[in-house]
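Numbering of the sequence shown is given in the UniProt record's numbering, commencing with residue 1 and proceeding in unit increments.
Ideal Cβ placement from N, Cα and C applies to all residues, glycine included.
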Amino acid sequence: MNLSLAYLGPTGTNSETAALAYADWLKQERQQTSTLCAYPSMALVLQSVARGKVDRAVVPIENSIEGTVTIVLDTLWQADNLQVHQELTIPIFHGLLSYASSLKEIQTVYSHPQGLAQCQKWLENFLPQVQLIPTKSTTEGIKLLKEDSTAAAVSSPRAAQLYQVPLLKADIKDSSDNCTRFWIVSCDKSENGSYLSLAFSLPQNAPGALMKALEIFARREINLSKIESRPSKRSLGEYVFFIDLEGNSQAPKIKEALAELSACTEVLKIFGNYSKLDVK
Ligand SMILES: O=C(O)C(=O)C[C@]1(C(=O)O)C=C[C@@H](O)C=C1
């Protein structure tokens, strides 16, 4: 059976690069064929898999410069059926694409908010006066460049080639080691792999409530690799806590920890176990 993989388009995005790397891994390691399906927003990518229109989605979860891709965490929390199956990390390259002949001519710069944020220092140093316009992906603004030579887009050198737009500056990212983690998400139950992600809300804003929840893991020497809080979207000051940890949900000490956590949280969602893929 051929797998359909949803990703944030249009073609040339970093999400597409991650989806291609995953498709390659599926072919090499699982002899599995797949077809990539572009969607115009991250919310639609996740909805497409939650509603069973595609088999899997490839979504960015965290960038080394700009941190969490919050829409993905919020959607995972709101949806009841999404599970994480694999994780892969790819390097991210940002260039400045434009038909302008010099930086002096540029008045507007389009990109995904993550792209703009990952190049913030460079943009402040070299284009302090320009208007920064957020778009749904790093490639969405590229189609506007042809009509306006005072506009530019922060996008990848791969996108410059695909869309045949000049690369005015080849590398404008703020750190040489810029990379993004992506998750492969589907509706199937996920029980394999040695990493686990979950999220919970606490019953009341009581002193020590979060500490008590985290202590459940510390006491069993379960390593937590990330904690992130997001607004519950119900009332100001109420949060949902997202945790990444090392371990498998079938291992006795993780099973015990999850049972104890379930008793002291209001809502607990386990996004499943996953493995980290080594992709080129
Ligand atoms: O716009 C793109 O190219 C995307 O794939 C989205 C996205 C993101 O949201 O983090 C993916 C990786 C990079 O960090 C920049 C942007």
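Report yes if the C-beta distance between residue i and residue j is below 8 Å; otherwise report no.
i	j	result
L258	L224	no
K189	G272	yes
With hydrogens ignored, establish whether the beta-carbon of residue i is closer than 7 Å to any heavy atom of ligand 1.
i	result
P60	yes
R137	Looking at the sequence provided, one finds Ser at residue 137 rather than Arg. Answer for S137: yes, Cβ within range of ligand 1.
I106	no
G247	no
G115	yes
L73	no
I92	yes
T180	yes
L144	no
H85	no
Does DSSP put residue i in a helix, in a strand, or in coil?
i	result
D171	coil
G192	In the sequence as presented, Gly is not what sits at residue 192; that position holds Asn. The answer is coil: DSSP assigns N192 none of H, G, I, E or B.
I106	coil
P40	coil
C179	strand
A18	helix
When you compare only the Cα positions, how much space is there between residue i and residue j?
i	j	result
T11	T17	9 Å
Q107	A199	42 Å
G52	L97	36 Å
P91	T180	7 Å
S15	L277	16 Å
G95	L261	45 Å
T75	I61	11 Å
E66	Q161	26 Å
Can you find a heavy atom of ligand 3 that lies under 7 Å from the Cβ of residue i?
i	result
T13	Absence of ligand 3 is noted for the structure shown, with ligand 1 being the only ligands found.
Below 6 Å CB to CB, which residues in the same chain sit around residue i once its five sequence neighbours on both sides are set aside?
i	result
W77	A199, V240
E191	N273
Please work out which residues of its chain come closer than 7 Å, Cβ to Cβ, to residue i, disregarding the five sequence neighbours upstream and downstream, and give them in chain order.
i	result
T33	N2, K27
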